[in-house]
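Shown next, in structure tokens, is the structure this report addresses.
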Amino acid sequence: MNLLQRIKEETKTNHQNVEKVLVEELKNLASLDAYASLLERLHAFYNPIEKKLQTKIKASVIPDISARQHVENLRKDIEIIRKNAVVTNETTSTVHIENTSYALGVLYVIEGSTLGGQIITKMLDKHLSVSTINANNYFNSYGDNTPEMWSKFKNYVLNPTLKIDQELMIQGAKDIFASLQNHLLQTKS
Numbered sequence: 001m002n003l004l005q006r007i008k009e010e011t012k013t014n015h016q017n018v019e020k021v022l023v024e025e026l027k028n029l030a031s032l033d034a035y036a037s038l039l040e041r042l043h044a045f046y047n048p049i050e051k052k053l054q055t056k057i058k059a060s061v062i063p064d065i066s067a068r069q070h071v072e073n074l075r076k077d078i079e080i081i082r083k084n085a086v087v088t089n090e091t092t093s094t095v096h097i098e099n100t101s102y103a104l105g106v107l108y109v110i111e112g113s114t115l116g117g118q119i120i121t122k123m124l125d126k127h128l129s130v131s132t133i134n135a136n137n138y139f140n141s142y143g144d145n146t147p148e149m150w151s152k153f154k155n156y157v158l159n160p161t162l163k164i165d166q167e168l169m170i171q172g173a174k175d176i177f178a179s180l181q182n183h184l185l186q187t188k189s
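Just so it is clear: in the sequence shown, position 32 is 32 by full-length UniProt numbering, and no numbers are missing.
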């Protein structure tokens, strides 16, 4: 079993728990305003995490790390829906990223979520027609390039010359799943 298979297996329950909370919330979105509120909560969570990832993961580890930024897409979607409202940098995340291996676990979850984002985009289009106003940037971050970006990420992580503490990477993934689940539950209105 390679590292990515192991991390998927060991975080399966964590993934299912946060997915259940998020999908339930997405299914119950009754308006674009409610969608924008969810995006604002995600922005508050991910903004500090993404900043930390950009400093902890060097291009020698993930060559395209600078392209793996999704918070700006959250900001775009919020501003489209809220008619150019200014998105604050208020944060609520408590995830502490101290080293590269842990950071890669966090990034594993974020990058993996782009795959689910493809499904979520279709669901949002069906219920709220978000693509007609171009407010699907976050959940459709890479668009048609999503499979390619995921494949590249997997190849980077599985590079045999990369020294990864597997336990720390798995812990990073577990912690971000748990932290996101708690954040979604605690900030739900």
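Backbone N, C-alpha and C fix where the C-beta goes; we use that ideal spot for every residue, glycine too. Note that the structure is predicted; figures quoted are calculated from it, not measured.
Under a three-way DSSP split, which group does residue i fall into?
{"i": "E98", "result": "coil"}
{"i": "A36", "result": "helix"}
{"i": "T55", "result": "helix"}
{"i": "T114", "result": "helix"}
Do you know offhand how far residue i's Cα is from residue j's?
{"i": "L184", "j": "N155", "result": "31 Å"}
{"i": "L42", "j": "I65", "result": "20 Å"}
{"i": "V61", "j": "S101", "result": "10 Å"}
{"i": "N137", "j": "E79", "result": "11 Å"}
{"i": "F45", "j": "S131", "result": "24 Å"}
{"i": "N2", "j": "N145", "result": "24 Å"}
{"i": "H96", "j": "K51", "result": "12 Å"}
{"i": "I110", "j": "I7", "result": "14 Å"}
{"i": "G172", "j": "A103", "result": "6 Å"}
{"i": "Q16", "j": "G116", "result": "12 Å"}
{"i": "Q5", "j": "A178", "result": "20 Å"}
Say the cut is 7 Å; is the CB of residue i nearer than that to a heavy atom of the ligand SAH?
{"i": "S131", "result": "Looking at this structure, you won't find the ligand SAH or any other ligand, since it has none at all."}
Taking the alpha-carbon of residue i as reference, which of the options has the nearest alpha-carbon?
{"i": "H127", "options": "E10, L26, M1 and L107", "result": "L26"}
{"i": "K76", "options": "N28, F139 and G117", "result": "F139"}
Could you check how far apart the C-beta atoms of residue i and residue j are, in whole angstroms? I think they sit under 8 Å.
{"i": "I49", "j": "V87", "result": "Contact doesn't hold; Cβ gap of about 16 Å is too wide."}
How would you label residue i, buried or exposed, when you count the other beta carbons within 10 angstroms and need 16 or more for buried?
{"i": "L180", "result": "buried"}
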